[in-house]
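Protein chains in written order, with our numbering: chain A, 1 to 343; chain B, 1 to 206; chain C, 1 to 330.
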C-alpha cells in the first residue's frame with residue numbers, strides 16, 4: 001500500500017495493525033501523541049549503527065558490514081574495538097576495506113575506542129585509534145584527553161550526565177555525544193538543549209551495564225584474560241546469565257556485562273526527537289540488523305507509528321528475549337513501560 | 001511483555017510451622033511455670049509498658065540524633081522479638097514522639113511494623129549496644145530480620161552511631177548507677193537465657 | 001625507610017569517625033547525608049551540623065577530613081552537588097573527593113582553594129585520564145582503581161605529577177566504578193546518580209522452608225545461603241547465578257581486599273596514601289581495621305617485617321584477596 005509522507009488516515013492503519021492495536025492507539029492518544037506519531041518537521045533524525053561488542057569471526061564481521069553498506073538505511077557506522085584490545089588483530093586486516101565500502105555507500109564511518117582502558121597495552125591501542133584520520137569516538141576520558149582540540153565524538157561509556165559536562169566536552173572538541181544508557185528522557189532533553197553538540201541515544205540492542213578489567217567470558221571457563229583463548233568468540237550475541245531461579249537476567253560479552261533483554265525505544269523516539277535528540281543508535285546483535293534499521297528508519301520518517309514499529313521488531317528477535325525501555329522513562333532499566341513518553 | 005517490579009514486600013516469618021509435639025511441649029512448659037496460655041504474656045507486656053514508655057521518653061531526650069537518623073525512612077517502627085520472652089518490644093522511632101511498648105508475641109502483626117528483629121535477648125541487647133557489629137550478627141544468622149531492609153539498615157546505622165554503652169545508656173548517663181543497672185540487667189538476661197535453653201533443649205530445630 | 005604516608009579511613013557516622021581518629025587515622029573521609037556521595041544508605045552519613053562538629057574534632061586531633069562528593073550531578077538538578085561543594089568548603093574540609101566533570105568544574109571555579117581529589121568513581125586508570133582532570137580542574141591527588149597491579153601503580157606515579165592514593169583494605173568492586181548501571185537496571189536507582197548500589201529499599205530476604213535464606217534485589221534471587229551458613233548483602237556483582245546451566249559466581253565471589261603484604265612494594269612505588277574502604281561498616285569494624293592497619297603501616301614505614309594481618313572475621317564473605325595487585329587476578 002502506497003503511503004504518502006503526510007499523516008495516514010487511521011482507517012488505513014487499521015487494516016494493517018495487529019489485533020492489539022486499538023488499545024495502543026488509545027495509549028498513544030492518552031500520552032498526547034497521535035497514533036501515526038508524526039515526527040516534528042526539521043532535519044531528519046539520523047541512525048547510527050553502534051560498535052560491535054561481540055567477537056564475531058573476522059570474515060563474518062566483514063560480510064556483515066558489507067551488507068550494512070549495501071542495504072541498511074543507517075547514516076553512520078561505528079567501527080573499532082570497544083571491549084577488548086586482544087580481539088583487534090583479527091579484524092584489523094579488514095578495516096580499511098570495510099571502511100571504504102561503507103564510505104562508497106554513502107555512510108559516515110566513525111572509529112570507536114575502548115570503553116575501559118587498563119594498562120599500557122590498552123593505552124597504546126587507544127592512542128593509535130585516536131591518531132587515525134577521520135572521526136574518532138572516545139569511550140574513556142583517556143581518549144578525550146588525546147583528542148582534545150580535534151573534532152571528535154563521545155560515546156555512551158563516558159559519563160555525560162549534565163549540561164555542564166556536555167558543554168565542557170564540546171569545548172574540547174566533541175561534536176556529537178551518545179548519552180549514557182541510564183539517563184531519563186528529562187535529562188536527555190536538558191542536555192540536548194544545552195549544547196551545540198549533536199545528542200544521540202541508544203535505541204536498540206542489549207544494554208551495556210558494566211565493565212571490568214576482569215574478563216567474565218574467560219572466567220566462565222576458569223581462565224583469565226591473559227590466557228583466554230578467545231572464549232568470547234563462542235557467543236555471537238553474548239553469554240546468557242540467569243538467576244538461580246532460572247530467570248533470564250544478564251549477558252556476558254568479554255569484560256562487559258549487558259542486559260539479557262534488548263533495549264527498544266521505538267515507542268520513544270518521537271518524544272526524544274521532539275526533545276532535541278537528532279540521532280539514534282542501534283547496537284549490533286546477532287540478528288537481521290538491516291531489517292531492524294529499516295523499521296527504525298520508517299519510524300523516524302513517520303511512515304509507521306510506534307505500535308507498528310514494535311510489531312515489526314518483535315519477530316526479528318528471539319522470543320525469549322524481552323524488550324525493555326525503563327531507563328528512558330526514569331525507571332528501572334529492566335522495566336517495559338507501555339505508555340509512550342509525552343512529546 | 002510487562003516486567004513488573006514488585007514493591008518490596010515482607011518476607012515470610014522465620015519460624016517453621018509448629019508441630020503437634022511442639023504444641024504439647026509448649027503447653028507443658030506453661031503449665032510448669034504456672035502461666036496460662038497467652039495470659040502470662042499479656043500480663044508481662046502490661047507490666048513492662050510504663051517502663052518502656054519512660055525509656056522512650058528519656059531516650060529521645062538523650063539521643064535525639066538516633067531518632068533523627070531513623071526518621072529518614074518512612075514509617076520508622078520496629079519490633080524487637082527476643083527468643084526467651086513471650087513478648088515483643090515495639091519501637092516507634094518518630095522524632096516528635098518516640099514510643100516503646102510491649103505486646104504479647106501472639107499479638108504481634110509484622111505487617112504493621114517496618115522491620116522485625118528476632119534473636120536471643122543477649123544478641124538483641126548487643127545490637128542495641130553496638131558491642132557487636134549489626135552486620136556480623138545478621139550475616140552470621142544469629143539474628144533474623146524480616147520486613148523492610150531499608151528500615152533495618154537505618155536502625156543498624158542509627159544504633160551504631162549512638163554508641164550506647166549498654167541498653168541503660170538509652171536512659172541513664174554513663175556512670176556508676178548505669179553500670180550497676182546494666183550489670184543487673186545482664187545477670188537477669190543471663191538467667192533468662194539459661195532457663196530458656198533448658199526448656200527448649202528437647203525441641204529439635206532443623 | 002622513613003617516609004610520610006597517610007592512612008585514610010572511612011567514617012560513615014560521627015561515632016565511626018571518633019573510632020577512626022582514636023585508632024590512628026591520618027585522615028578520614030565522610031559524606032553528607034544525601035545523594036552526593038557514593039554510600040548514600042539509610043541512616044548513614046553526616047548532617048551539616050554533624051559535619052561541622054566532625055571537622056572541628058578531627059582538626060583538634062590533627063586529622064584531616066575529606067568530603068566525598070563523588071556521584072554525578074543530574075541534568076536539570078545541579079543543586080545538591082553545588083550545595084555539597086559549597087558546604088564542604090565553608091565547613092573547612094581539607095579536600096573534596098570528586099568524580100563528575102561538572103562537579104569538579106564547579107568546585108574549581110567557585111572554590112579554587114578547595115583541594116580536589118579524584119575519586120575512583122571517575123574511572124581514571126591511565127595517565128592520560130588523570131592528566132585530563134589535572135589540567136582542567138587542578139586535582140591534586142588521584143585515588144587509583146584497585147584493578148591496577150603494583151607495577152602499573154608504579155608506572156603511573158612516575159608519569160603523573162599528582163599524589164596517588166591506593167586501596168589497602170575493604171570490599172572490592174570488580175566493575176569499573178562510576179560506570180556501572182547494574183543496580184539501576186534492577187531498581188531504577190543509579191549508584192552513579194543516587195549514590196546507592198543495591199539500595200536497601202529493594203533488598204529482601206526470604207527464608208525457605210528448608211532454612212535457606214535467599215537474598216533478593218527487586219524480584220531477582222541474587223544469592224542463597226543454606227541454614228547455618230553466613231548470609232550476605234545482595235550486591236549484584238557478587239551474586240550466584242547460572243551460566244551454561246551451572247551455578248557460579250560469574251562476576252565476583254563475596255570477598256574483600258587485603259593488600260597489606262604489598263605495603264612495602266607500594267611504598268617503594270611512591271604511594272603516599274592508603275585508603276581503607278568501609279563507610280557503610282560500623283564503628284567496631286572501623287576501630288579494629290584502622291588499629292590493625294595503623295600498626296601495619298607504621299611497621300612498613302619503619303622498614304620492619306610485617307606480621308600477617310588476619311582480619312577475615314570482619315571481611316565480607318570471610319574471604320580475602322590481593323585483588324589487582326596480584327598479577328593474574330584478571
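Beta carbons: idealized from backbone N, C-alpha and C, even for Gly.
Chain B residues whose Cβ lies nearer than 8 angstroms to that of residue i
i                      : result
residue 293 of chain C : Here the premise fails: no neighbours, minimum Cβ distance about 17 angstroms.
residue 205 of chain C : 11, 145, 146, 149
Cβ-based burial, residue i [other Cβ within 10 Å; buried from 16]
i                      : result
residue 60 of chain A  : exposed
residue 195 of chain B : exposed
residue 45 of chain C  : buried
residue 267 of chain A : buried
residue 226 of chain A : exposed
residue 104 of chain A : exposed
residue 197 of chain B : exposed
residue 320 of chain A : exposed
residue 28 of chain A  : The predicted model places residue 28 of chain A with a pLDDT of 41, which falls under 50 and marks its position as unreliable; any figure quoted below should be read in that light. Answer is buried; the Cβ neighbour count reaches 16.
residue 106 of chain B : exposed
residue 107 of chain A : buried
residue 50 of chain C  : buried
residue 10 of chain C  : buried
Distance, residue j Cα to residue i Cα
i                      : j                      : result
residue 5 of chain C   : residue 53 of chain C  : 26 angstroms
residue 145 of chain A : residue 245 of chain C : 43 angstroms
residue 172 of chain B : residue 119 of chain B : 25 angstroms
residue 116 of chain C : residue 220 of chain C : 39 angstroms
residue 31 of chain A  : residue 340 of chain A : Its pLDDT being 42, under 50, residue 31 of chain A is placed unreliably in this model, and the value from its coordinates should be taken loosely. The straight-line gap from Cα to Cα measures roughly 6 angstroms.
residue 324 of chain A : residue 57 of chain A  : 29 angstroms
residue 265 of chain C : residue 38 of chain C  : 29 angstroms
residue 41 of chain C  : residue 93 of chain C  : 22 angstroms
residue 311 of chain A : residue 310 of chain C : 59 angstroms
residue 140 of chain A : residue 84 of chain A  : 13 angstroms
residue 296 of chain A : residue 271 of chain A : 14 angstroms
residue 148 of chain C : residue 124 of chain C : 11 angstroms
residue 217 of chain C : residue 72 of chain B  : 21 angstroms
residue 113 of chain B : residue 47 of chain C  : 26 angstroms
residue 199 of chain B : residue 42 of chain B  : 21 angstroms
residue 209 of chain B : residue 116 of chain B : Here chain B covers residues 1 to 206 and nothing more, so residue 209 of chain B does not appear.
Where residue i meets chain B, residues with beta-carbon distance less than 7 angstroms
i                     : result
residue 13 of chain C : 157, 160, 161
residue 44 of chain C : 157
Amino acids of chain C, ordered along the chain, whose beta-carbon sits closer than 7 angstroms to that of residue i
i                      : result
residue 181 of chain A : 181
residue 134 of chain B : 282
residue 157 of chain A : 179
residue 73 of chain B  : 42
Residues that residue i contacts on chain B, provided the C-beta gap is smaller than 9 angstroms
i                      : result
residue 169 of chain C : Result: empty, since nearest Cβ-Cβ is about 16 angstroms, beyond 9 angstroms.
Beta-carbon neighbours of residue i, restricted to chain C and to distances below 8 angstroms
i                      : result
residue 66 of chain A  : Result: empty, since nearest Cβ-Cβ is about 32 angstroms, beyond 8 angstroms.
residue 138 of chain B : 231
Residue i: contacting residues in chain A (beta-carbon distance under 8 angstroms)
i                      : result
residue 193 of chain C : 161, 182
residue 147 of chain C : 118, 212, 213, 214
Neighbouring residues, chain A, relative to residue i (Cβ below 9 angstroms)
i                      : result
residue 273 of chain C : Simply none; closest approach about 21 angstroms.
Per-residue contacts from residue i into chain A (C-beta, under 7 angstroms)
i                      : result
residue 186 of chain C : 332, 334
Proximal residues of chain C, C-beta to C-beta of residue i below 9 angstroms
i                      : result
residue 304 of chain A : Those do not exist, as residue 304 of chain A stays about 29 angstroms from chain C at its closest Cβ, beyond 9 angstroms.
Between the segment 53-62 of chain C and the segment 160-169 of chain A, do three or more beta carbon pairs fall short of 8 angstroms? no
Going along the chain, which unbroken runs of the beta strand (DSSP E) with 3 or more residues stay wholly within the segment 84-117 of chain B? 87-92, 99-104
For the segment 257-273 of chain A against the segment 197-213 of chain A, are there 3 or more C-beta pairs whose distance is under 8 angstroms? yes
Below 8 angstroms, can you find three or more Cβ-Cβ pairs linking the segment 140-155 of chain C to the segment 268-276 of chain C? yes
In chain order, which continuous runs of the beta strand (DSSP E) of length 3 or greater are located wholly inside the segment 187-266 of chain A? 198-211, 239-243, 248-253, 256-264
Runs of beta strand (DSSP E) lying entirely within the segment 100-148 of chain A, each at least 3 residues, in chain order: 108-112, 135-138
Touching or not, the segment 55-69 of chain B and the segment 94-104 of chain B, by the rule of three or more beta carbon pairs under 8 angstroms? yes
With three or more beta-carbon pairs closer than 8 angstroms as the criterion, would you say the segment 278-296 of chain C touches the segment 17-30 of chain C? yes
Can you give, in chain order, each stretch of the beta strand (DSSP E) that sits fully within the segment 220-253 of chain C and has at least 3 residues? 220-225, 241-243, 246-248
Whether or not the segment 137-153 of chain A and the segment 171-182 of chain A are in contact is what I'm after, with contact meaning three or more pairs of Cβ atoms, one per stretch, closer than 8 angstroms; do they touch? yes
I'd like to know if the segment 157-175 of chain C and the segment 179-191 of chain A are in contact, where contact means that at least 3 CB-CB pairs between them fall below 8 angstroms. no
Inter-stretch contact at 8 angstroms, needing at least 3 Cβ pairs: the segment 146-154 of chain B / the segment 68-86 of chain B: yes
The segment 119-132 of chain A touching the segment 156-165 of chain A, judged by at least three CB pairs closer than 8 angstroms: no
Across the segment 270-286 of chain A and the segment 215-233 of chain A, are there enough close Cβ pairs to call them in contact, namely three or more that are closer than 8 angstroms? no
I want to know whether the segment 72-81 of chain A touches the segment 243-251 of chain A - three or more CB-CB distances under 8 angstroms. no
Which residue spans inside the segment 137-208 of chain C form an unbroken alpha helix (DSSP H) run of at least 4? 150-159, 182-187, 191-194
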